[in-house]
Amino acid sequence: MTHPAQTIDFHKFKVSCKACSLQELCLPRGLDSSGMDRLEEIVKRSRPVQRGDLIFRAGDKLINIYAVRSGTVKLSMLDESGADQILGFIFPGEIIGLDGIDKQVHQVSATAIEVATYCSFPFSSINNICKQIPDLQMQLMRLMSRQLTAENELILTIGKKNADEKIAIFLLSLSARFHTLGFSASEFKLSMSRQDIANYLGLTIETVSRVFSRLQRDGIIKIDRKMVTIQDRDALVSVSISCQTAKKLTGHD
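Below you can see the structure in the form of structure tokens.
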């Protein structure tokens, strides 16, 4: 099955917060017109950034908080040897930039791994608006907590797993996140490269490719270019070994 290339409509990047399809993910429910108008005054919407473009770099001063609108962004930092270590992947409706709040300097780098767009909010302005709209502050805290919880659970879970288990848990974790964001939990785009997945999971690219091929050969998943379909969720859970952990990651009983 061939998937047509996605057409980018540049006009849609001018859409207001009120009309944005992601507003329920980014904004608190019940935010009135006055609160929405105050956000409109400070939000800036980016033109598309290309694959490999940096949104911010580790060491940059904290200026903005960003809400990803389309595309995928990876977070990374340099390890002790100076090599780039991927810490996570961010999808539409998720927030980046919160890592800089403590020291007012970004601790990680954010890089687009495909064409992406985002909204930016000056942190100083958000701080002032949050004082006026407590629900907005709570929503930011919920978003931050949800992302940190998902990332920490995945890191803790895959630490001592073998390659097959790591890949299975990674796919189940992505499935759960896409489901939370309102997308399909069984069919989604794997926008990151095999190299990025290998880096993130602590595997070699050859091992990642071999496990994907085996899962596809066994009829557990189907891969069509970058589209992944989970055909047998129960079998994928079994591969992950710990059913209890997998249930937590998938959000399904």
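For the sequence shown, the numbering used here assigns the number 2 to the initial residue and increments by one for each residue that follows.
In this text, a Cβ means the ideal position worked out from N, Cα and C, and glycines have one as well.
Helix, strand or coil at residue i [DSSP, three-state]
i, result
"M78", "strand"
"L88", "strand"
"M210", "It is worth fixing the name first, because residue 210 is Ser in this sequence and not Met. S210: helix per DSSP, three-state reduction."
"S259", "The question about residue 259 has no answer here: the residues shown for the chain are numbered 2 through 254."
"I156", "helix"
"D225", "strand"
"T150", "helix"
"A113", "strand"
"I231", "strand"
Pairwise C-alpha distance: residue j and residue i
i, j, result
"I127", "E41", "11 Å"
"D100", "M228", "30 Å"
"T246", "G98", "Because T246 sits at a pLDDT of 49, beneath the cut-off of 50, its placement in the model cannot be relied upon, and the point is left open."
"E81", "I87", "13 Å"
"L237", "N163", "14 Å"
"D136", "G60", "30 Å"
"S187", "S210", "20 Å"
"R46", "I231", "34 Å"
"G220", "D233", "7 Å"
"I43", "R147", "25 Å"
"T150", "D38", "31 Å"
"S214", "P123", "45 Å"
"I156", "S241", "14 Å"
"G89", "V109", "10 Å"
"S194", "Q133", "42 Å"
"L202", "C131", "36 Å"
"T208", "I198", "11 Å"
"V212", "N200", "15 Å"
"D235", "R226", "23 Å"
"Q138", "L182", "20 Å"
"L79", "Q140", "30 Å"
"R255", "G83", "Nothing can be reported for residue 255, as the shown portion of the chain is limited to 2 through 254."
"F184", "L175", "11 Å"
"K104", "F189", "36 Å"
"S77", "S239", "30 Å"
"M142", "Q196", "32 Å"
"N129", "D165", "47 Å"
Per DSSP, cross-strand counterpart(s) of residue i
i, result
"T181", "Paired residues: none, contrary to the question."
"P123", "N65"
"K45", "S121"
"I96", "A68"
Limits of the beta strand (DSSP E) - the one that residue i falls within
i, result
"S55", "Looking at the sequence provided, one finds Leu at residue 55 rather than Ser. Note, L55: beta strand (DSSP E), L55 to F57."
"N65", "N65 to S71"
C-beta atoms of residue i and residue j nearer than 9 Å
i, j, result
"L63", "V116", "no"
"Q51", "A113", "yes"
"I66", "I96", "yes"
"C120", "A68", "yes"
"I91", "T73", "yes"
"L191", "I170", "no"
"I168", "L216", "yes"
"R58", "P93", "no"
"L172", "I206", "no"
Residue span of the alpha helix (DSSP H) that contains residue i, given as start and end
i, result
"S239", "R234 to V240"
Closer than 8 Å: residue i CB and nearest the ligand ATP heavy atom
i, result
"D197", "Of the ligands one can find in the structure shown there are none, so the ligand ATP has no counterpart to examine."
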